[in-house]
Every structure is written in structure tokens, then in C-alpha cells.
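J.: Counting from 2, one number per residue, gives the positions in the sequence shown under the numbering used here.
C-beta atoms are modelled at their ideal positions from N, C-alpha and C, and glycine is treated no differently.
Sending over a structure as C-alpha cells; questions will come in a sec.
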Amino acid sequence: FNRESLSRIATAVGIPVSLAPETERKENFEVAKVYVKVDLTKELPPKVISGFTNGREAHISVTYPWLPIKCDDCGKYGF
Numbered sequence: 002f003n004r005e006s007l008s009r010i011a012t013a014v015g016i017p018v019s020l021a022p023e024t025e026r027k028e029n030f031e032v033a034k035v036y037v038k039v040d041l042t043k044e045l046p047p048k049v050i051s052g053f054t055n056g057r058e059a060h061i062s063v064t065y066p067w068l069p070i071k072c073d074d075c076g077k078y079g080f
């Protein structure tokens, strides 16, 4: 993977900000971490489908290790 490819994939979730330091250093080729600014008023996808020029598709799992707390009663974020 490279910065451009990861940014393109992350765009499906939100606005890419930067790569995590361990991803930048390419320490783990199984997981790529990208910091992304997301719109919390929209549903966050559990996966992204990326297409290749040869017509193949890759289904990429997406996780969100940190999200602000959302109130169950009013639906607003924060305390």
C-alpha cells in the first residue's frame, strides 16, 4: 500500500487527515491505519469496496477505534 491508495480508500469514509505513524513506517502490512475526519451525522460504513482497473473489487473492512460517546436519549455526541 501507499499513501495515495490509502487516501483514496479513506475518502469513502470521510476526509483523510494523515497516516498513523506505524502505517507511515510500514511496520504492519496486515493493517493500515488512516486518521480520517468523519461526519458523525451520517452512518459510518463497516467496509469499503475498492475497484481495480482490471475489474476486480476488494472488500476492505473498516473499524473505528475511537468515536465520541453518543447519548442514547437525545442522540447528541459528548457528555
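Taking 8 Å as the cut-off, does the region 41–54 touch the region 17–25 (at least 3 CB pairs, one atom from each stretch)?
T.: No, the region 17–25 does not touch the region 41–54.
J.: Look at the alpha carbon of E23 and the alpha carbon of P66, and state the distance between them as a whole number of angstroms.
T.: In a straight line, the C-alpha of E23 is about 15 Å away from that of P66.
J.: Note down, one range per segment and in chain order, each beta strand (DSSP E) of at least 3 residues found wholly within the region 11–70.
T.: Listed in chain order, the complete beta strand (DSSP E) runs (minimum 3 residues) inside the region 11–70 are 16–20, 35–38, 48–52, 58–62.
J.: Going by C-alpha distance, which of E58, S51, L7 is nearest F30?
T.: That would be L7, whose Cα lies nearest to the Cα of F30.
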